[in-house]
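Colleague:
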Amino acid sequence: MKTRIAVQTEPFDLAEETARLSAGDVTIGAVASFLGLVRGHNRVGEDDADIATLTLEHYPGMTEKALHRIVDAAAERWPLQAVTVIHRVGELRLGEPIVLVLTASAHRQAAFDACQFIMDILKTEAPFWKKERLPDGGERWVDARESDSEAAARWLRD
Amino acid sequence: MKTRIAVQTEPFDLAEETARLSAGDVTIGAVASFLGLVRGHNRVGEDDADIATLTLEHYPGMTEKALHRIVDAAAERWPLQAVTVIHRVGELRLGEPIVLVLTASAHRQAAFDACQFIMDILKTEAPFWKKERLPDGGERWVDARESDSEAAARWLRD
Amino acid sequence: MIRVLYFARLRDRLGVAEEQLETFPPTLGALREQLAARGGDWGEAFSDRVLMAVNQEMAGPETPLADGDEVGFFPPVTGG
Amino acid sequence: MIRVLYFARLRDRLGVAEEQLETFPPTLGALREQLAARGGDWGEAFSDRVLMAVNQEMAGPETPLADGDEVGFFPPVTGG
Numbered sequence: 203m204k205t206r207i208a209v210q211t212e213p214f215d216l217a218e219e220t221a222r223l224s225a226g227d228v229t230i231g232a233v234a235s236f237l238g239l240v241r242g243h244n245r246v247g248e249d250d251a252d253i254a255t256l257t258l259e260h261y262p263g264m265t266e267k268a269l270h271r272i273v274d275a276a277a278e279r280w281p282l283q284a285v286t287v288i289h290r291v292g293e294l295r296l297g298e299p300i301v302l303v304l305t306a307s308a309h310r311q312a313a314f315d316a317c318q319f320i321m322d323i324l325k326t327e328a329p330f331w332k333k334e335r336l337p338d339g340g341e342r343w344v345d346a347r348e349s350d351s352e353a354a355a356r357w358l359r360d
Numbered sequence: 203m204k205t206r207i208a209v210q211t212e213p214f215d216l217a218e219e220t221a222r223l224s225a226g227d228v229t230i231g232a233v234a235s236f237l238g239l240v241r242g243h244n245r246v247g248e249d250d251a252d253i254a255t256l257t258l259e260h261y262p263g264m265t266e267k268a269l270h271r272i273v274d275a276a277a278e279r280w281p282l283q284a285v286t287v288i289h290r291v292g293e294l295r296l297g298e299p300i301v302l303v304l305t306a307s308a309h310r311q312a313a314f315d316a317c318q319f320i321m322d323i324l325k326t327e328a329p330f331w332k333k334e335r336l337p338d339g340g341e342r343w344v345d346a347r348e349s350d351s352e353a354a355a356r357w358l359r360d
Numbered sequence: 096m097i098r099v100l101y102f103a104r105l106r107d108r109l110g111v112a113e114e115q116l117e118t119f120p121p122t123l124g125a126l127r128e129q130l131a132a133r134g135g136d137w138g139e140a141f142s143d144r145v146l147m148a149v150n151q152e153m154a155g156p157e158t159p160l161a162d163g164d165e166v167g168f169f170p171p172v173t174g175g
Numbered sequence: 096m097i098r099v100l101y102f103a104r105l106r107d108r109l110g111v112a113e114e115q116l117e118t119f120p121p122t123l124g125a126l127r128e129q130l131a132a133r134g135g136d137w138g139e140a141f142s143d144r145v146l147m148a149v150n151q152e153m154a155g156p157e158t159p160l161a162d163g164d165e166v167g168f169f170p171p172v173t174g175g
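Chains as they are written, first to last, in this note's numbering: chain A, 203 to 360; chain B, 203 to 360; chain C, 96 to 175; chain D, 96 to 175.
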């Protein structure tokens, strides 16, 4: 399986990454993808609040290892020809891409399932943390979501 | 909801379509996508066979209506900010894109589910037909797959 | 008068892409039976699974037909 | 000697990003208890949910510690 994993501050080029994923392999019939973007507000307890920027911290070295392990686990469950995972770190503005997951397979169900699996496990096991900067200059760490733990747990039940 | 539906012979630009989908809307946190490509072989009864090109015929007028209805049904089930569906027709070469579905939502589960729903219903309800041209010059219409009917049926059971 | 369109494998088997019928039965199901009764390739072609549309919407055999309608017959779809 | 790293909210609360421990207990769980017993912010910080890694792999309290290990403590992750 062709694997590309990157943790970087720079933006990525979606068209280039997709072309690179499937180039020259005519056994690929389906490419599923997920693109995560910085949203302009987030739920804090009962309140929505606007945010100004988002900073992503990570555990260098462990992030790459964790992403490789997640991708390998996906490749054991589904027939995949190629996977790309790119996760950005550092300070990001509203609307900027945070994460890209691309999965390529002969058929669409495998591509969709693997893409969701990688995102769900990444959300609970890859050591990234988000810190929001508010328009008034204040900062706060984002809390983990219970719904993310539940999304990851469903793959263990199957 | 921002909707873009196109049936066209020309290729599409993935990066441009993704940028157009999410431009200016900072409530979008998740973009799921599916890209279908022309594969170099297909299953015919018990045999795999190489193909040279794929020709897509459609029912002009009805295709656009069917795609709009499918997208509207998705928007009733999930909170979506934007959806793009582009389906090509005419003669396509190996590795060329056939179909693109992009779904944008605040959260990833809605984006993933809506993207799969649109593809599954499109596969059984949108009036497109594939004809394969073989390397020896022969042609044959592609048979519908039972697995596609089952994939569409699961959304009606839910 | 109604317009009747045939697509893909079905059109190839029948050798007809489109026809206009001056007289037509009251329902889509009855039209299908009438076409299947034409003999030759028609009976065999309509013995396979054939999907039907009236005015570009999927339709079942009970669907009534009216003057000016556009009817489509086609095999199970294989796009995407 | 082991290296201990703290990340994100946990690091901010403790005011420490990294330290080296010349002596260390035999397991990861015992190390966590030892750190929580330091008093001040440490007890409170470790009373929240804290994830643990040894040599950059997620690890549980039974995981043995050895000379040269890199240990990471951090809050539940929020990437993606």
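We put the CB at the ideal spot given by N, CA and C, even for glycine.
1) According to the Cβ coordinates, are residue 309/A and residue 301/A closer than 8 angstroms?
2) According to DSSP, is residue 330/B helix, strand or coil?
3) I need the DSSP call for residue 343/B, collapsed to helix, strand or coil.
4) Using a Cβ cut-off of 8 angstroms, pull out every chain A residue sitting near residue 115/D, in sequence order please.
5) Suppose you measure from the CA of residue 164/D to the CA of residue 103/D; what does that come to, to the nearest Å?
6) Please list the partners that residue 216/B has in chain A, where partner means a Cβ-to-Cβ separation under 8 angstroms.
7) Taking residue 118/D as the reference, which of 109/D, 129/D and 100/D has the closest Cα?
8) Bridge partners for residue 311/B per DSSP, in chain order?
9) Just how far apart, CA to CA, sit residue 257/A and residue 318/A?
10) Measuring alpha carbon to alpha carbon, tell me which of 325/B, 347/B, 332/B and 349/B ends up nearest residue 341/B.
11) So if I threshold CB-CB distances at 8 angstroms, which residues from the segment 299-332 of chain A count as touching chain B?
12) Report the neighbours of residue 98/C on chain B: residues whose CB is nearer than 9 angstroms to its CB, in chain order.
13) Quick check: the segment 145-157 of chain D against the segment 160-174 of chain C, are there 3 or more CB pairs under 8 angstroms?
14) Please state whether DSSP places residue 248/A in a helix, a strand or coil.
15) Would a check of beta-carbon distances place residue 157/C closer than 8 angstroms to chain B?
16) Less than 8 angstroms between C-beta atoms, sequence neighbours within five positions excluded: which residues of the same chain meet that for residue 266/A?
17) In whole angstroms, what separates the C-alpha of residue 326/A from that of residue 351/A?
18) Going by DSSP, what residue range makes up the beta strand (DSSP E) through residue 208/B?
19) When burial is assigned at 16 or more other CB atoms within 10 Å of the CB, is residue 292/B buried or exposed?
20) Taking the alpha-carbon of residue 322/A as reference, which of 217/B, 232/B, 226/B and 221/B has the nearest alpha-carbon?
21) Apart from the five residues just before and just after residue 235/B, which ones in its own chain have a Cβ nearer than 6 angstroms to its Cβ?
22) Less than 8 angstroms between the CB atoms is what I'm expecting for residue 203/B and residue 151/C, so what's the real figure, rounded?
23) On the three-state DSSP scale, how would you describe residue 162/C?
24) If the cut-off is 8 angstroms on Cβ atoms, which residues from the segment 277-293 of chain B count as contacting chain C, listed in chain order?
25) How would you list, in chain order, the residues of chain A whose beta-carbon sits under 7 angstroms from the beta-carbon of residue 129/D?
26) What would DSSP say about residue 320/A, mapped onto helix, strand or coil?
27) Below 6 angstroms CB to CB, which residues in the same chain sit around residue 312/A once its five sequence neighbours on both sides are set aside?
28) Residues bridged to residue 115/C by DSSP?
29) Which residues in the same chain have their Cβ closer than 8 angstroms to the Cβ of residue 172/C, if we skip the five residues on either side of it in sequence?
30) Given that a residue counts as buried once 16 or more other Cβ atoms are within 10 Å of its Cβ, and exposed if not, what is residue 224/B?
31) What residues from chain B crowd round residue 148/C, counting only those whose CB sits closer than 8 angstroms?
32) Quick one: residues in its chain with C-beta nearer than 8 angstroms to the C-beta of residue 229/A, no 5 flanking neighbours on either side, listed in chain order?
33) Using a C-beta cutoff of 8 angstroms, does residue 248/A count as contacting chain B?
34) Would you decide whether residue 132/D is buried or exposed? Buried here means 16 or more other CB atoms lie within 10 Å of its CB.
35) To the nearest angstrom, how far is it from the Cα of residue 275/B to the Cα of residue 286/B?
Modeller: Result, derived from the coordinates:
1) Your numbering for residue 309/A matches position 107 in the first sequence. Your numbering for residue 301/A matches position 99 in the first sequence. Not in contact: residue 309/A and residue 301/A (Cβ atoms no closer than 8 angstroms).
2) Sequence index remark: in the second sequence, residue 330/B carries index 128 (1-based). Reduced to three states, the DSSP call for residue 330/B is strand.
3) What you label residue 343/B is simply residue 141 of the second sequence in a count that begins at 1. Residue 343/B falls in the strand class under three-state DSSP.
4) Position 20 of the fourth sequence, counted from the start, is the residue given in the question as residue 115/D. In chain order: nothing, as chain A lies at least about 17 angstroms away.
5) Locating residue 164/D in the fourth sequence gives position 69, where the first residue counts as 1. Locating residue 103/D in the fourth sequence gives position 8, where the first residue counts as 1. Taking the straight line from one Cα to the other gives about 21 angstroms.
6) Residue 216/B sits at position 14 when you count from the first residue of the second sequence. Chain A residues near residue 216/B: 216, 217 and 220.
7) Numbered from 1 along the fourth sequence, position 23 holds the residue referred to as residue 118/D. Measuring from the Cα of residue 118/D, the nearest candidate turns out to be 129/D.
8) Here residue 311/B corresponds to residue number 109 of the second sequence, with the count starting at 1. In the DSSP output, where bridge partners are listed per residue, residue 311/B has none listed.
9) Numbered from 1 along the first sequence, position 55 holds the residue referred to as residue 257/A. Numbered from 1 along the first sequence, position 116 holds the residue referred to as residue 318/A. When rounded, the distance between both Cα atoms is 24 angstroms.
10) Start at 1 with the first residue of the second sequence, and residue 341/B comes out as number 139. It is 332/B whose Cα lies nearest to the Cα of residue 341/B.
11) 308, 310, 311, 313, 314, 317, 318 and 321
12) For the purposes of this step, residue 98/C is identified with residue 3 of the third sequence, where counting begins at 1. What residue 98/C touches in chain B: nothing, since even the nearest Cβ is about 12 angstroms away.
13) no
14) Counting from one through the first sequence, the residue named residue 248/A turns up at place 46. With a pLDDT of only 49 at residue 248/A, under 50, the local geometry of the prediction cannot be trusted, and the value read off the model is given with reservation. Three-state DSSP puts residue 248/A in coil, outside helix and strand.
15) Position 62 of the third sequence, counted from the first residue, corresponds to residue 157/C. Judged by the 8 angstroms Cβ criterion, residue 157/C is not in contact with chain B.
16) For the purposes of this step, residue 266/A is taken as residue 64 along the first sequence, with counting starting at 1. Cβ neighbours of residue 266/A beyond the five flanking positions: 207 and 209.
17) Position 124 of the first sequence holds residue 326/A. Position 149 of the first sequence holds residue 351/A. Cα to Cα, the separation comes out at about 6 angstroms.
18) As a first step, residue 208/B is located in the second sequence; it is residue number 6 there, counting from the start. First-last of the beta strand (DSSP E) with residue 208/B: 204-210.
19) In the second sequence, counting from the first residue as 1, residue 292/B sits at position 90. Residue 292/B should be labelled exposed.
20) Taking the first sequence and counting its residues from 1, one reaches residue 322/A at position 120. Closest option to residue 322/A, Cα to Cα, is 232/B.
21) Position 33 of the second sequence, counting from 1, holds the residue named residue 235/B. These residues qualify, in order along the chain: 304.
22) What you label residue 203/B is simply residue 1 of the second sequence in a count that begins at 1. What you label residue 151/C is simply residue 56 of the third sequence in a count that begins at 1. Contact doesn't hold; Cβ gap of about 22 angstroms is too wide.
23) Stepping through the third sequence from its first residue, residue 162/C is reached at position 67. Of the three classes helix, strand and coil, the one that applies to residue 162/C here is coil, per DSSP.
24) 289
25) Sequence index remark: in the fourth sequence, residue 129/D carries index 34 (1-based). Those do not exist, as residue 129/D stays about 22 angstroms from chain A at its closest Cβ, beyond 7 angstroms.
26) By one-based count along the first sequence, residue 320/A stands at place 118. Looking at residue 320/A - three-state DSSP - the assignment turns out to be helix.
27) For this step, residue 312/A is matched to residue 110 along the first sequence. So the list reads 280 and 281, once near-sequence residues are dropped.
28) Taking the first residue of the third sequence as position 1, residue 115/C is located at position 20. Answer is 98/C, bridged to residue 115/C.
29) Residue mapping note: residue 172/C aligns to position 77 of the third sequence, counting from 1. Cβ within range, chain order: 146.
30) Against the second sequence, residue 224/B aligns to sequence position 22. Residue 224/B is buried by the Cβ-count criterion.
31) What you label residue 148/C is simply residue 53 of the third sequence in a count that begins at 1. 261, 264 and 329, listed in chain order.
32) Counting from one through the first sequence, the residue named residue 229/A turns up at place 27. Taken in chain order, the residues that qualify are 283 and 308.
33) One-based indexing of the first sequence puts residue 248/A at position 46. Residue confidence is low: residue 248/A scores 49 on pLDDT, short of 50, so the model does not pin down where it sits. Its coordinate-derived value is still stated next. So, not an interface residue.
34) As a working mapping, residue 132/D is identified with position 37 in the fourth sequence. Burial call: exposed.
35) Position 73 of the second sequence, counted from the first residue, corresponds to residue 275/B. Position 84 of the second sequence, counted from the first residue, corresponds to residue 286/B. Spanning the two alpha carbons is a distance of roughly 14 angstroms.
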